[in-house]
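S.K.: Please see the structure below; I have some questions.
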Ligand code: DOR
Ligand code: ZN
Ligand code: ZN
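Okay, here's the thing in structure tokens:
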């Protein structure tokens with residue numbers, strides 16, 4: 007038998023250990039892992055020289071790829087190039103697009119446009135539509151999950167209406183669809199912003215006074231209450247406070263279907279540094295103080311935080327530098343810094359490589375039901391993140407593949423560089439270059455009924 011390709015002399019992360027091995031691939035699937043003598047003949051051979059670390063292809067469950075009406079900020083090609091350059095082989099795209107992804111039609115269009123352009127695998131979230139039958143249609147169209155922005159009115163469900171939210175959660179549960187939550191309370195935010203605006207407050211720190219930790223805590227408690235008894239699987243996006251995390255950890259003890267995520271930003275930066283980095287680091291939820299950051303590290307280490315999501319949220323520099331704080335767009339690009347930042351923290355002893363792999367590959371695969379991904383094993387899709395673990399380099403935002411070429415981490419010295427990214431057996435990114443055409447990635451279909 008002659009297979010498509012073989013990776014020779016890999017140091018691969020297998021079953022929680024780094025093993026010297028070779029990996030054979032046929033039609034995008036891992037067909038054999040073993041010694042060189044056990045490898046079948048192959049059309050193509052890539053020697054990793056027993057130096058490069060092969061991790062399961064990383065999965066970022068939280069990215070905003072934009073495109074369509076927001077293509078000026080980011081598009082599928084640039085966003086998935088950034089993913090490949092950052093070592094991500096699968097990303098899940100948020101629905102706050104133009105048009106908002108919130109119907110089978112908008113989802114179908116988006117999938118169609120994406121399929122021709124994407125370099126890594128992409129799954130799609132949908133916002134909630136207005137009716138139960140539309141929820142069913144969206145699930146059948148292949149959304150991977152629903153998203154509920156609690157901080158602002160986005161989709162078809164009134165975020166101030168408890169009954170409407172509960173009904174939507176029930177309908178999602180019926181379709182076995184996960185619901186991802188942006189937990190900041192709309193009423194709290196709107197009240198705070200109105201007061202601050204009236205008082206003509208426009209400083210950077212006023213943004214923090216609006217997006218308080220109570221806004222997160224109240225939203226977490228509210229959705230936990232509304233979801234009780236619905237059977238819905240909840241995933242909390244970008245948790246940023248000890249209070250929010252504690253409430254989630256408590257609820258998890260009673261109910262197995264709750265998970266949560268943290269962004270590298272909320273781990274690496276603090277609100278004390280906001281002045282230094284300026285409006286670039288405005289994001290929702292915002293950076294928090296050192297005490298909160300420590301609580302997040304603790305949660306990540308002891309397991310109450312299940313996943314790390316980049317919340318890749320590209321904007322133009324003009325949008326980030328608006329003079330009035332209330333006009334500044336929240337969010338920063340994250341796909342090209344997440345893995346190096348986390349590997350640097352492994353070197354510093356803040357977390358283990360096992361935790362990096364579980365939070366960035368194994369757990370996202372499990373949470374989102376991506377059963378062919380997350381582990382390097384025979385039968386799984388051949389998605390790999392190949393890393394030069396010892397490579398020390400400086401983050402250079404000007405070289406980002408993302409359209410958003412700025413970062414608070416610009417110039418940071420980091421350790422651990424993604425050097426090759428393999429999607430379905432194909433090397434899509436190699437030493438700084440994208441080497442395949444758009445369309446190499448697959449649209450990930452949700453597994454709902
Ligand atoms: O900082 C953020 N940026 N938070 C969000 O919830 C939305 C996101 C975006 O789309 O830019
Ligand atoms: Zn969010
Ligand atoms: Zn987001």
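Numbering (the numbering used here), first residue to last: 7 to 455.
Beta carbons: idealized from backbone N, C-alpha and C, even for Gly.
Quick check on DSSP: helix, strand or coil for residue 208?
M.R.: Your numbering for residue 208 matches position 202 in the chain shown. In this structure, residue 208 counts as coil in the three-state DSSP scheme.
S.K.: Count the other CB atoms within 10 Å of the CB of residue 364; is the residue buried (16 or more) or exposed (fewer)?
M.R.: As a working mapping, residue 364 is identified with position 358 in the chain shown. Buried.
S.K.: For ligand 1, is there a heavy atom less than 7 Å away from the beta-carbon of residue 335?
M.R.: The residue labelled residue 335 in the question sits at position 329 within the chain shown. Under cutoff, so the answer is yes.
S.K.: State yes or no: is the C-beta of residue 108 within less than 8 Å of the C-beta of residue 69?
M.R.: Counting from one through the chain shown, the residue named residue 108 turns up at place 102. Counting from one through the chain shown, the residue named residue 69 turns up at place 63. No.
S.K.: For ligand 1, I want to know if residue 274 counts as a neighbour, meaning its beta carbon is within less than 7 Å of at least one of the ligand's heavy atoms.
M.R.: Position 268 of the chain shown, counting from 1, holds the residue named residue 274. False, no ligand heavy atom lies under 7 Å from that Cβ.
S.K.: Excluding five sequence neighbours on each side, which residues of the same chain lie with their C-beta closer than 6 Å to the C-beta of residue 258?
M.R.: Counting from 1 along the chain shown, the entry for residue 258 is found at position 252. Contacts found: 264.
S.K.: Expressed to the nearest angstrom, what Euclidean distance is found between the alpha-carbon atoms of residue 286 and residue 198?
M.R.: Numbered from 1 along the chain shown, position 280 holds the residue referred to as residue 286. Numbered from 1 along the chain shown, position 192 holds the residue referred to as residue 198. Approximately 22 Å between the Cα atoms of the pair.
S.K.: Among the candidates 86, 8, 37 and 273, whose CA atom is the shortest distance from the CA of residue 475?
M.R.: Not covered by the structure: residue 475. The range shown for the chain is 7 to 455.
S.K.: Name the residue from 443, 169 and 374 whose alpha carbon lies nearest to the alpha carbon of residue 152.
M.R.: Sequence index remark: in the chain shown, residue 152 carries index 146 (1-based). Measuring from the Cα of residue 152, the nearest candidate turns out to be 374.
S.K.: So, at 8 Å on beta carbons, what are the nonlocal neighbours of residue 216 in its own chain, with the 5 sequence-adjacent residues on each side left out?
M.R.: If you number the chain shown from 1, residue 216 lands on position 210. Cβ within range, chain order: 195, 198, 199 and 202.
S.K.: Apart from the five residues on each side of it in sequence, which residues of its chain come closer than 8 Å, Cβ to Cβ, to residue 82?
M.R.: The residue given as residue 82 occupies position 76 in the chain shown. Cβ neighbours of residue 82 beyond the five flanking positions: 71, 73, 119, 120, 123, 124, 128 and 444.
S.K.: Given 7 Å as the limit, tell me if residue 188 has its C-beta closer than that to any heavy atom belonging to ligand 2.
M.R.: Within the chain shown, numbered from 1, the residue matching residue 188 stands at position 182. Checking the Cβ of residue 188 against ligand 2 gives yes.
S.K.: Is residue 46 buried or exposed, if buried means 16 or more other CB atoms sit within 10 Å of its CB?
M.R.: What you label residue 46 is simply residue 40 of the chain shown in a count that begins at 1. Exposed is the call here.
S.K.: Do residue 95 and residue 429 come within 8 Å of each other at the CB atom, strictly closer than that value?
M.R.: Along the chain shown, one-based indexing puts residue 429 at 423. Along the chain shown, one-based indexing puts residue 95 at 89. In this structure, residue 95 lies closer than 8 Å to residue 429 by Cβ.
S.K.: Does the region 276-295 come into contact with the region 323-332, if we say contact requires no fewer than three beta-carbon pairs (one atom in each stretch) closer than 8 Å?
M.R.: Because the criterion of three Cβ pairs below 8 Å is met, the region 276-295 and the region 323-332 touch.
S.K.: Mapping the DSSP letters down to three states, classify residue 386 as helix, strand or coil.
M.R.: In the chain shown, the residue the question calls residue 386 occupies position 380. Coil, per DSSP.
S.K.: Using C-beta distances below 7 Å, list every residue in its chain close to residue 104, excluding the 5 sequence neighbours before and after it, in chain order.
M.R.: For this step, residue 104 is matched to residue 98 along the chain shown. So the qualifying residues of the chain are 74, 75 and 76.
S.K.: For residue 266, which residues does DSSP report across the bridge?
M.R.: Sequence index remark: in the chain shown, residue 266 carries index 260 (1-based). Answer is 242.
S.K.: Run through DSSP, which three-state label would residue 333 get?
M.R.: The sequence position of residue 333 within the chain shown is 327, counting from 1. Of the three classes helix, strand and coil, the one that applies to residue 333 here is helix, per DSSP.
S.K.: Taking the alpha helix (DSSP H) that residue 47 falls in, what are its first and last residues?
M.R.: Indexing the chain shown from 1 puts residue 47 at position 41. Segment 47-53 is the beta strand (DSSP E) holding residue 47; no alpha helix (DSSP H) there.
S.K.: Looking at the structure shown, is residue 164 part of a helix, part of a strand, or coil, going by DSSP?
M.R.: For the purposes of this step, residue 164 is identified with residue 158 of the chain shown, where counting begins at 1. DSSP places residue 164 in coil when its eight states are reduced to three.
S.K.: Helix, strand or coil for residue 118, going by three-state DSSP, please let me know.
M.R.: Indexing the chain shown from 1 puts residue 118 at position 112. If DSSP states are grouped into helix, strand and coil, residue 118 belongs with the helices.
S.K.: Closest by CA to residue 416, which one among 400, 248, 252 and 358?
M.R.: Along the chain shown, read from residue 1 onward, the residue named residue 416 stands at position 410. Considering only alpha carbons, the answer is 400.
S.K.: Confirm, please, whether the CB-CB distance from residue 92 to residue 424 is below 8 Å.
M.R.: Working through the chain shown from its first residue, we reach residue 424 at position 418. Working through the chain shown from its first residue, we reach residue 92 at position 86. Contact: yes.
S.K.: Going by the C-beta, is residue 70 closer than 7 Å to any heavy atom of ligand 1?
M.R.: Counted from its first residue, the chain shown places residue 70 at position 64. Residue 70: yes, Cβ under 7 Å from ligand 1.
S.K.: Does the distance between the C-beta of residue 102 and the nearest non-hydrogen atom of ligand 1 fall short of 7 Å?
M.R.: Residue mapping note: residue 102 aligns to position 96 of the chain shown, counting from 1. Yes, the beta carbon of residue 102 sits closer than 7 Å to at least one heavy atom of ligand 1.
S.K.: What separation, rounded to the nearest whole angstrom, lies between the Cα atoms of residue 449 and residue 115?
M.R.: One-based indexing of the chain shown puts residue 449 at position 443. One-based indexing of the chain shown puts residue 115 at position 109. Residue 449 and residue 115: Cα-Cα distance of roughly 12 Å.
S.K.: Just verifying my parser: in three-state terms, what is the DSSP assignment at residue 422?
M.R.: Within the chain shown, residue 422 is the residue found at index 416, counting from 1. Three-state DSSP puts residue 422 in a strand.
S.K.: Report whether the distance from the Cβ of residue 289 to the nearest heavy atom of ligand 1 is below 7 Å.
M.R.: Position 283 of the chain shown, counted from the first residue, corresponds to residue 289. Checking every heavy atom of ligand 1 against the Cβ of residue 289, one is found closer than 7 Å.
S.K.: For residue 405, does the count of other Cβ atoms within 10 angstroms reach 16, so buried, or fall short, so exposed?
M.R.: By one-based count along the chain shown, residue 405 stands at place 399. Exposed is the call here.
S.K.: Could you name the residues that DSSP lists as bridge partners for residue 62?
M.R.: Taking the chain shown and counting its residues from 1, the one referred to as residue 62 is at position 56. Residue 62 pairs with 390.
S.K.: Report the three-state DSSP secondary structure of residue 217 (helix, strand or coil).
M.R.: Numbered from 1 along the chain shown, position 211 holds the residue referred to as residue 217. Residue 217 falls in the coil class under three-state DSSP.
S.K.: Please look up how many angstroms separate the CB atoms of residue 154 and residue 185, rounded, as I've assumed it's under 8 Å.
M.R.: Indexing the chain shown from 1 puts residue 154 at position 148. Indexing the chain shown from 1 puts residue 185 at position 179. About 6 Å separates the two Cβ atoms, so the contact holds.
S.K.: Just to confirm, are residue 17 and residue 59 a CB contact at a threshold of 8 Å?
M.R.: Within the chain shown, residue 17 is the residue found at index 11, counting from 1. Within the chain shown, residue 59 is the residue found at index 53, counting from 1. In contact: residue 17 and residue 59 (Cβ atoms closer than 8 Å).
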